[in-house]
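Below: the structure, in structure tokens.
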Amino acid sequence: MKERDTKGVVDSPMRAGLLVPSSNTVMEVDLYRNLPEHIHLHTARMYLEETTRKAEERMMEDFAPEAAASVKTTNPHFVVFGCTSAGSLGGHKYDQEICRRLSEITGVPTIGVFSSVREALRRVKAHSLGVITPYVDDLTNSIRKGLEEDGFEVVAIHGMGIDVNFEIAMVPPKEIAAFSADKLKGVRADTIFMSCTNFRSMEALPLLKEQLEPPIVTSNTATLEAILAMAKQILPGQPELAQG
Numbered sequence: 548m549k550e551r552d553t554k555g556v557v558d559s560p561m562r563a564g565l566l567v568p569s570s571n572t573v574m575e576v577d578l579y580r581n582l583p584e585h586i587h588l589h590t591a592r593m594y595l596e597e598t599t600r601k602a603e604e605r606m607m608e609d610f611a612p613e614a615a616a617s618v619k620t621t622n623p624h625f626v627v628f629g630c631t632s633a634g635s636l637g638g639h640k641y642d643q644e645i646c647r648r649l650s651e652i653t654g655v656p657t658i659g660v661f662s663s664v665r666e667a668l669r670r671v672k673a674h675s676l677g678v679i680t681p682y683v684d685d686l687t688n689s690i691r692k693g694l695e696e697d698g699f700e701v702v703a704i705h706g707m708g709i710d711v712n713f714e715i716a717m718v719p720p721k722e723i724a725a726f727s728a729d730k731l732k733g734v735r736a737d738t739i740f741m742s743c744t745n746f747r748s749m750e751a752l753p754l755l756k757e758q759l760e761p762p763i764v765t766s767n768t769a770t771l772e773a774i775l776a777m778a779k780q781i782l783p784g785q786p787e788l789a790q791g
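Letter by letter, the sequence shown follows residues 548 to 791 in this note's numbering.
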């Protein structure tokens with residue numbers, strides 16, 4: 548009988564619940580590719596097709612509580628609320644309120660993407676921001692407002708105007724990099740923020756770094772950092788996140 552390969556088997560994995568818009572096809576992939584092997588991801592989906600304020604408000608009201616109750620059955624150690632723009636709809640503290648409500652359902656801590664971005668920007672000592680989003684103007688302006696309420700100066704912000712969430716994920720990394728370079732080259736920002744968990748900006752990072760000098764924070768890189776910090780808080784001594 549062939550001997551079973553047990554390399555990489557984790558005896559006691561940490562379980563992270565992920566609440567993600569149903570049409571998001573990027574965030575899970577980014578997390579799976581980059582999380583250390585001891586953190587296992589378990590996903591529940593919140594119905595969303597249009598990337599508009601109305602659709603996201605409906606997602607939060609009608610589908611997020613159901614998704615939280617569903618992912619609770621995996622007995623997660625913590626949960627991630629995986630939508631940047633929805634977390635900004637009510638100002639910079641709204642993401643924290645969403646997380647509080649979801650934690651009441653799941654009984655465990657909740658990480659919000661918009662809050663994770665705030666902390667990531669502070670870690671790199673960001674003051675002035677150049678921001679790229681895939682969104683329509685309303686959601687792009689919501690991101691601006693939330694960042695400015697957090698004390699950051701948004702010196703430039705540009706959206707691609709996409710209002711169908713699935714189509715956001717179809718924008719190739721090369722197109723993301725080209726759009727960003729066109730809009731932000733010459734802008735006097737000390738940090739770049741790429742918004743949206745369904746945007747392939749994490750894959751575009753090598754190209755972005757070739758064309759833009761400031762440090763770059765994306766929704767998914769910020770969330771990865773927050774997940775690892777939460778894991779260390781719950782179980783100190785966990786392995787570091789692999790750098791790629």
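We treat Cβ as the ideally placed atom computed from N, Cα and C, and that holds for glycine.
Treat the numbers as computed from the prediction; the structure is a model and nothing was measured.
Simplified DSSP assignment, three categories, for residue i
| i | result |
| --- | --- |
| alanine 678 | The residue you asked about is not alanine; residue 678 is valine in the sequence shown. Strand, per DSSP. |
| glutamate 597 | strand |
| alanine 673 | coil |
| methionine 574 | helix |
| valine 702 | strand |
| methionine 741 | strand |
| valine 734 | coil |
| isoleucine 723 | helix |
| isoleucine 763 | strand |
| isoleucine 715 | helix |
| alanine 591 | strand |
| proline 568 | strand |
| isoleucine 586 | strand |
| arginine 691 | helix |
| alanine 667 | helix |
| methionine 707 | coil |
| leucine 788 | Summary for leucine 788: the model assigns pLDDT 44, below 50, so the residue's position carries little reliability, and this model does not support an answer. |
CA nearest to the CA of residue i, picked from the options
| i | options | result |
| --- | --- | --- |
| proline 560 | Tyr641, Ile652, Pro583 | Pro583 |
| threonine 687 | Arg562, Gly708, Arg669, Val660 | Gly708 |
| methionine 717 | Asp609, Ser570, Leu759, Leu566 | Ser570 |
| threonine 631 | Lys619, Thr621, Thr620, Ile645 | Ile645 |
| threonine 770 | Cys743, Gln780, Pro761 | Cys743 |
| leucine 565 | Asp642, Thr590, Val711, Arg669 | Thr590 |
Beta carbon proximity, residue i to chain D, threshold 8 angstroms
| i | result |
| --- | --- |
| serine 650 | The chain labelled as chain D is not found in the depicted structure, where only one protein chain is given. |
Buried/exposed call for residue i, threshold 16 Cβ in 10 Å
| i | result |
| --- | --- |
| proline 719 | exposed |
| threonine 620 | exposed |
| aspartate 684 | exposed |
| aspartate 609 | exposed |
| glutamate 603 | buried |
| arginine 669 | exposed |
- prompt: With a cut-off of 8 angstroms, do at least 3 Cβ pairs link the stretch 651-666 to the stretch 763-780?
  reply: yes
- request: Check whether the stretch 578-597 touches the stretch 608-619, taking contact to mean three or more Cβ pairs, one atom from each stretch, closer than 8 angstroms.
  value: yes
task: Taking 8 angstroms as the threshold, find out whether the stretch 669-677 comes into contact with the stretch 621-638 through three or more Cβ pairs.
output: no
task: Kindly confirm or deny that the stretch 683-700 and the stretch 750-758 touch, where touching means at least three C-beta pairs closer than 8 angstroms.
output: no
task: Inspect the CB distances between the stretch 722-729 and the stretch 741-750 and report whether three or more fall short of 8 angstroms.
output: yes
message: For the structure I just gave you, are there three or more beta carbon pairs, one from the stretch 769-777 and one from the stretch 622-630, closer than 8 angstroms?
response: yes
Entirely enclosed beta strand (DSSP E) segments - the stretch 614-664, minimum 3 residues: 625-628, 657-659
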